[in-house]
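Student:
2 protein chains.
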Amino acid sequence: MSFREHLEQVCRDVDGAIACSLMGVDGIEVDTHLSGRAGEDEAVDLKSLLVEYSAVFRSAREAAAAHEAGGVAEVAISTDKVTAVARQVSPEYFMIVALRPDGNLGKARFLLRVTAPKLGSEL
Amino acid sequence: MSFREHLEQVCRDVDGAIACSLMGVDGIEVDTHLSGRAGEDEAVDLKSLLVEYSAVFRSAREAAAAHEAGGVAEVAISTDKVTAVARQVSPEYFMIVALRPDGNLGKARFLLRVTAPKLGSEL
Chain A
1 MSFREHLEQV CRDVDGAIAC SLMGVDGIEV DTHLSGRAGE DEAVDLKSLL
51 VEYSAVFRSA REAAAAHEAG GVAEVAISTD KVTAVARQVS PEYFMIVALR
101 PDGNLGKARF LLRVTAPKLG SEL
Chain E
1001 MSFREHLEQV CRDVDGAIAC SLMGVDGIEV DTHLSGRAGE DEAVDLKSLL
1051 VEYSAVFRSA REAAAAHEAG GVAEVAISTD KVTAVARQVS PEYFMIVALR
1101 PDGNLGKARF LLRVTAPKLG SEL
């Protein structure tokens, strides 16, 4: 399975998923699968939001490292319009799933936990 | 119930909770309840980690605002040693619960959702 297919599968299997991306911790997107459920009415420029969130992921990682709290495994950010959950894939990359606020966050977290090591082995 | 009692109750009711804080978004702690379960072996300076995470919360808020994703309701950060989940209480304050990685994150999220409005009405 290519990493693009992994991104697609996560989108397909999580109720309410809008997008799944593989990103560098520097904020540069490697690839993104959009589920097609991201309607115009969402009024959210999802891709640029995910880029912005990569900076949040990076600062969480730096905060945890500075306080010896260990590596950051996961960061989840919920707003009124979108929930995003990110998981470390390798020291340089992470995966992020964006879902509607009523989406299945538990399933998203589970699938990220299962998929991240598979993606990591393909990079 | 004073806001200190709310912090205590969240700690008491969440399996694996180590601390619950009320913080300003500027990173200044208003009050923290430590559950006593935070042993020396944790090797994590929890309070300063939570201060650091307030900067993460702030940057998530700025990212969401810049991209019209709505207000940030919740941010959760999981590391190898500690999981922290923060929820907005008012524009100036948020609550944060730190728990062991095996703690009950779902219960923590639920109690924050229920408790944050109560705390907000007392500030």
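For the protein sequence lines, the chains are A and E, in the order given.
Going by the working numbering, 60 is the number at position 60 of the first sequence; the sequence numbering is gapless.
Count along the second sequence from 1, add 1000, and you get the number used in the working numbering.
Heads up, the beta-carbon is just placed ideally off N, CA and C, and yes, glycines get one too.
On the criterion of 16 or more Cβ atoms from any shown chain inside 10 Å, does L1112 of chain E qualify as buried, or is it exposed?
Tutor: buried
Student: In three-state terms, what does DSSP make of R1058 of chain E?
Tutor: helix
Student: What's the C-alpha gap between A73 of chain A and V56 of chain A?
Tutor: 13 angstroms
Student: Taking only three categories from DSSP, how would you classify D1080 of chain E?
Tutor: In the displayed model, D1080 of chain E falls within coil according to three-state DSSP, outside both helix and strand.
Student: Once you ignore the five residues that flank S54 of chain A on each side, which residues in its own chain have a CB closer than 7 angstroms to its CB?
Tutor: Closer than 7 angstroms at Cβ, skipping near neighbours: M23, V25 and G27.
Student: Grab me the residues of D1013 of chain E's own chain with a C-beta within less than 8 angstroms of its C-beta, minus the 5 sequence neighbours each way, in chain order.
Tutor: K1107 and L1111
Student: Go through its chain and collect everything with a Cβ distance to D1102 of chain E's Cβ below 8 angstroms, but skip five positions before and after it.
Tutor: G1016
Student: Looking only at its chain, what residues have a beta carbon closer than 6 angstroms to the beta carbon of A1043 of chain E, apart from the 5 residues adjacent to it on each side?
Tutor: Note that A1043 of chain E scores a pLDDT of 40, beneath 50, so its modelled location is shaky; the value from the coordinates is reported in the next line. Here the set comprises nothing.
Student: Does DSSP put D45 of chain A in a helix, a strand or coil?
Tutor: coil
Student: Excluding sequence positions up to five away, which residues of its chain have a Cβ less than 6 angstroms from the Cβ of C20 of chain A?
Tutor: L7, V10, C11, H33 and V97
Student: Got a sec: is the Cβ-Cβ distance from A43 of chain A to anything in chain E below 9 angstroms?
Tutor: Model confidence at A43 of chain A stands at a pLDDT of 40, short of 50, so the residue's coordinates are unreliable and nothing is read from them.
Student: Distance check for D1031 of chain E and M95 of chain A, CA to CA, integer angstroms please.
Tutor: 35 angstroms
Student: Ignore the nearest five residues each way along the sequence and tell me which others in G1061 of chain E's own chain have a CB closer than 6 angstroms to its CB.
Tutor: Rather than Gly, the amino acid found at residue 1061 of chain E in this sequence is Arg. So the qualifying residues of the chain are V1072.
Student: State the start and end residues of the unbroken alpha helix (DSSP H) segment that holds L7 of chain A.
Tutor: Counted as a single uninterrupted DSSP element, the alpha helix (DSSP H) harbouring L7 of chain A occupies residues F3 to D13.
Student: Cβ of A1167 of chain E less than 9 angstroms from any chain A Cβ?
Tutor: There is no way to answer for residue 1167 of chain E, as the model of chain E reaches only from 1001 to 1123.
Student: Identify the continuous alpha helix (DSSP H) that holds S21 of chain A and give its terminal residues.
Tutor: That residue, S21 of chain A, is in no alpha helix (DSSP H); its beta strand (DSSP E) goes A17 to G24.
Student: Would you decide whether S78 of chain A is buried or exposed? Buried here means 16 or more other CB atoms lie within 10 Å of its CB.
Tutor: buried
Student: Using a 10 Å radius around the Cβ and a threshold of 16 neighbouring Cβ atoms, would you call N114 of chain A buried or exposed?
Tutor: This sequence places Val at residue 114 of chain A; Asn is not what is there. Flag for V114 of chain A reads exposed.
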